[in-house]
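All remarks here apply to the structure that follows.
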Ligand SMILES: Nc1ncnc2c1ncn2[C@@H]1O[C@H](COP(=O)(O)OP(=O)(O)OP(=O)(O)O)[C@@H](O)[C@H]1O
Ligand SMILES: [Mg+2]
């Protein structure tokens with residue numbers, strides 16, 4: 001045990017070298033800085049887009065209808081700056097100002113409107129860049145037209161059918177939405193519930209992927225470095241059991257991988273700042289509905305998820321150890337970790353963009369054959385109470401771990417740790 | 001004087017290649033035993049088997065009464081192995097590397113200190129021990145590793161080409177060092193293809209070629225037997 005902790009400390013120190021610490025700090029500082037910056041800029045642009053819009057209006061009609069329309073726009077979140085004079089002159093004037101939008105109400109607008117004929121307004125958008133605010137201008141035009149349409153159609157309806165509320169005429173149906181999950185139902189929108197669940201499950205796969213990827217890569221590197229520096233032979237002859245050597249490497253990699261993953265997530269967190277706020281908002285409003293539907297996770301659920309995750313990390317570490325033995329140096333170690341990363345990416349993307357349960361059976365089995373898949377789908381399954389899938393995943397991963405770990409320790413207690421190599425040609429792999 | 005190590009009919013196959021075809025020899029307490037042979041003769045393979053790195057295909061190895069197959073951990077406790085091509089952790093300082101390795105063998109901190117101090121004396125690197133191993137020359141690294149192999153005063157030091165990569169002066173120093181150590185009860189099993197080195201160092205030598213021991217004697221005994229003036233000529237006659 002004394003020797004084990006001694007070796008473990010060395011492994012951790014080796015992995016936490018200057019380069020890693022530097023790159024982690026870099027991620028933490030630079031990414032926070034960048035995303036803070038981007039976040040602030042986007043936030044202020046969005047704020048600008050959402051706040052009252054300044055709009056220049058040129059009224060060439062001067063009828064009661066056009067005056068009323070301007071009044072209605074004023075009431076509907078627009079700050080109106082009235083212009084007068086020749087159209088081309090006004091356009092020219094605004095080009096040199098900071099105004100972005102001009103609405104021209106042509107002559108005869110009021111007269112046509114009172115005769116229920118189609119009417120025209122002209123809008124001029126002044127583009128000064130392609131930022132978010134620039135793009136949101138078309139939204140502002142739409143809002144403006146909606147407000148104009150709303151006002152005019154309400155006027156028409158009122159004058160033709162004075163004793164009916166125009167709102168009722170335009171939307172006579174009111175929808176009452178219910179969501180049903182298994183034997184439970186609740187009043188609420190299915191889109192909101194799914195939105196809340198995906199928002200909640202959005203960050204989890206990222207964390208999962210990072211932890212698995214990082215710890216696996218750490219093990220491969222740790223073993224490959226022993227080979228590259230030609231220290232493995234010496235290490236294998238010191239009085240410490242081979243199992244301890246393997247375990248020390250795995251444990252150190254898991255710890256350092258975990259730390260790196262956490263730091264990366266802290267670094268990238270700023271990138272998700274909007275979705276995080278959205279999650280909070282969506283959840284606080286939907287919490288009672290989610291509870292009514294039984295879409296919450298209890299302690300047992302979290303324990304099941306924890307077991308699934310733990311076994312998966314062990315799988316990744318054991319697999320990475322074997323790959324590390326195949327590696328000859330740092331560079332081959334990097335390329336050997338690609339298949340592993342690929343295997344983690346598959347369930348990651350499926351969990352983000354597809355529903356595993358709606359895939360065809362062979363495809364589904366193929367995905368579930370990857371031991372890393374199970375924790376990615378465990379959370380949703382636990383939420384929906386499909387615990388059988390979770391149990392099957394845990395048993396499958398447990399068997400996988402037992403086989404892989406015994407294989408790994410066997411490799412380490414025989415000459416294969418020194419002689420195992422990838423050979424292309426006659427025999428594909430000499431294991 | 002008792003026998004420390006006994007190797008009987010050792011065989012090793014790498015796939016279809018027969019690297020060792022029945023190697024037998026004995027190393028006695030406090031002696032330097034040299035394995036000499038050309039490239040690919042099977043020297044490294046033999047030493048790696050004794051150092052518990054490789055499993056033999058057939059044969060028996062007994063060390064201090066322990067059997068290799070049953071008690072490899074006893075071998076590791078009392079053997080030091082200097083691989084033919086070895087390095088130390090490049091990010092560690094020389095002194096930290098010695099401390100790190102000493103802790104595996106020492107009973108307590110006092111013994112760690114004793115081991116490291118001995119290693120400092122052996123390697124003669126002085127202040128450079130405070131530098132990272134990554135900055136060492138090949139010869140400096142070799143001396144560091146040799147010091148670490150000898151610092152614990154193992155019952156048997158297995159040295160695979162101890163002077164490889166060293167210049168003439170350093171080789172001489174290292175040879176003196178190894179020779180001095182056997183006076184303190186350490187037995188040494190070394191390999192080399194430098195016949196003159198082995199002749200100078202070894203109390204007894206074994207000639208190995210193509211996985212077989214051709215002859216085993218004291219250097220003087222071999223020279224007398226083959227009526228040769230040095231081991232190189234002995235070897236040529238033996239191979240024929
Ligand atoms: N890992 C291995 N896989 C396959 N064959 C090997 C391996 N290691 C050694 N051999 C073969 O075994 C034979 C003996 O090799 P060994 O390294 O023991 O020779 P050696 O006497 O130490 O030679 P040298 O003086 O060059 O170090 C050689 O033919 C070599 O090619
Ligand atoms: Mg050799």
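Chains as they are written, first to last, in the numbering used here: chain A, 1 to 431; chain B, 1 to 240. Glycine included, each C-beta is placed from N, C-alpha and C at the ideal position. It should be emphasised that the depicted structure is a prediction, and the values quoted were computed from it without experimental measurement.
**OP:** With DSSP as the reference, label residue 119 (chain A) as helix, strand or coil.
**Re:** The answer is coil: DSSP assigns residue 119 (chain A) none of H, G, I, E or B.
Original post:
Between the C-alpha atoms of residue 399 (chain A) and residue 318 (chain A), what's the straight-line distance to the nearest angstrom?
Top reply: Cα-Cα distance, rounded: 13 Å.
Subject >> Proximity to residue 53 (chain B) [Cα-Cα], best of B:40, B:63, B:68, B:64 >> reply: Ranking B:40, B:63, B:68, B:64 by CA distance to the CA of residue 53 (chain B) puts B:68 first.
**OP:** Run the proximity test for residue 39 (chain B): is its beta-carbon closer than 7 Å to any non-hydrogen atom belonging to ligand 1?
**Re:** True, at least one ligand heavy atom lies under 7 Å from that Cβ.
Original post:
In terms of alpha-carbon separation, which member of B:198, B:155, B:88, B:191 lies closest to residue 181 (chain B)?
Top reply: By alpha-carbon distance to residue 181 (chain B), the top candidate from B:198, B:155, B:88, B:191 is B:155.
Subject >> CA-to-CA distance, residue 266 (chain A) to residue 203 (chain A), given in whole angstroms >> reply: Rounded to the nearest angstrom, the two C-alpha atoms are 12 Å apart.
**OP:** Check the Cβ-Cβ distances between residue 388 (chain A) and every residue of chain B, and say whether any is below 8 Å.
**Re:** Not one chain B Cβ lies under 8 Å of residue 388 (chain A).
**OP:** May I ask you to check if the CB of residue 197 (chain B) is nearer than 7 Å to at least one heavy atom of ligand 2?
**Re:** Checking every heavy atom of ligand 2 against the Cβ of residue 197 (chain B), none is found closer than 7 Å.
Original post:
chain A beta carbons: is any one of them nearer than 8 Å to that of residue 52 (chain B)?
Top reply: Look at residue 52 (chain B): its C-beta is under 8 Å from a C-beta on chain A.
Original post:
Beta-carbon of residue 85 (chain B) versus every beta-carbon of chain A: anything under 8 Å?
Top reply: Chain A, which has a Cβ nearer than 8 Å to the Cβ of residue 85 (chain B), makes this yes.
Original post:
Nearest-angstrom Cα distance between residue 434 (chain A) and residue 393 (chain A)?
Top reply: A query on residue 434 (chain A) cannot be resolved here, the shown segment of chain A reaching from 1 to 431 and no further.
Original post:
For chain B, is any of its Cβ atoms less than 8 Å away from the one on residue 433 (chain A)?
Top reply: The first residue shown for chain A is 1 and the last is 431, placing residue 433 (chain A) beyond what the model contains.
Subject >> C-beta contact flag for residue 8 (chain A) and residue 254 (chain A) at 8 Å >> reply: If you check the CB distance, residue 8 (chain A) and residue 254 (chain A) do not come in under 8 Å.
Original post:
Quick one: is the Cβ of residue 17 (chain B) within less than 7 Å of any heavy atom of ligand 1?
Top reply: For ligand 1, at least one heavy atom lies less than 7 Å from the Cβ of residue 17 (chain B).
Subject >> Contacts around residue 219 (chain B), its chain only, beta-carbon distance under 7 Å, and the 5 residues preceding and following it disregarded >> reply: Non-local C-beta neighbours of residue 219 (chain B) in its own chain, meaning closer than 7 Å and more than five positions away in sequence, comprise 199, 202, 205, 231, ordered along the chain.
**OP:** Could you confirm whether any beta carbon from chain C is found closer than 8 Å to the beta carbon of residue 20 (chain A)?
**Re:** Among the chains of the structure shown, chain C does not appear; the protein chains present are A and B.
**OP:** Go through its chain and collect everything with a Cβ distance to residue 70 (chain A)'s Cβ below 7 Å, but skip five positions before and after it.
**Re:** Answer for residue 70 (chain A): 57, 59, 80, listed in chain order.
**OP:** Would you identify the three-state DSSP class for residue 83 (chain A), choosing helix, strand or coil?
**Re:** If DSSP states are grouped into helix, strand and coil, residue 83 (chain A) belongs with the strands.
**OP:** Give a single yes or no on whether residue 43 (chain B) has its beta carbon closer than 7 Å to a heavy atom of ligand 1.
**Re:** It does: the Cβ of residue 43 (chain B) is within 7 Å (strictly closer) of some heavy atom of ligand 1.
Original post:
Which full runs of the alpha helix (DSSP H) of 4+ residues lie inside the region 170-240 of chain B, going along the chain?
Top reply: With a minimum length of 4 residues, the unbroken runs of alpha helix (DSSP H) contained wholly in the region 170-240 of chain B fall at 195-201, 219-226, 231-239.
**OP:** Quickly, what does DSSP pair residue 156 (chain B) with across the bridge? List them, please.
**Re:** The partner list for residue 156 (chain B) (beta bridge, DSSP) reads B:79, B:187.
Subject >> Paired residues, beta bridge with residue 125 (chain A) - DSSP >> reply: A:101, per the DSSP bridge assignment.
Original post:
Does any heavy atom of ligand 4 sit closer than 7 Å to the C-beta of residue 14 (chain B)?
Top reply: Looking at this structure, you won't find ligand 4 anywhere; what it does contain is ligand 1 and ligand 2.
Original post:
Around the Cβ of residue 381 (chain A), are there at least 16 other Cβ atoms within 10 angstroms (buried) or fewer (exposed)?
Top reply: Residue environment for residue 381 (chain A): buried (at least 16 other C-beta atoms within 10 angstroms of its C-beta).
Original post:
Taking three-plus beta-carbon pairs below 8 Å as touching, is the region 104-120 of chain B in contact with the region 150-169 of chain B?
Top reply: Segment contact: the region 104-120 of chain B against the region 150-169 of chain B, three or more CB-CB distances shorter than 8 Å; contact assigned.
**OP:** Tell me whether residue 411 (chain A) is buried or exposed, calling it buried when 16 or more other Cβ atoms sit within 10 Å of its Cβ.
**Re:** Note on residue 411 (chain A): 16 or more other CB atoms within 10 angstroms of its CB, so buried under the neighbour-count rule.
**OP:** Pick out whichever of A:289, A:408, A:22, A:10 has its Cα sitting closest to the Cα of residue 260 (chain A).
**Re:** Out of A:289, A:408, A:22, A:10, the CA that lies nearest to the CA of residue 260 (chain A) is found in A:22.
**OP:** Could you tell me whether any Cβ in chain A is nearer than 8 Å to the Cβ of residue 71 (chain B)?
**Re:** Not an interface residue.
**OP:** Identify which residue in B:7, B:29, B:34, B:2 has its Cα closest to the Cα of residue 191 (chain B).
**Re:** Answer by Cα proximity: B:34.
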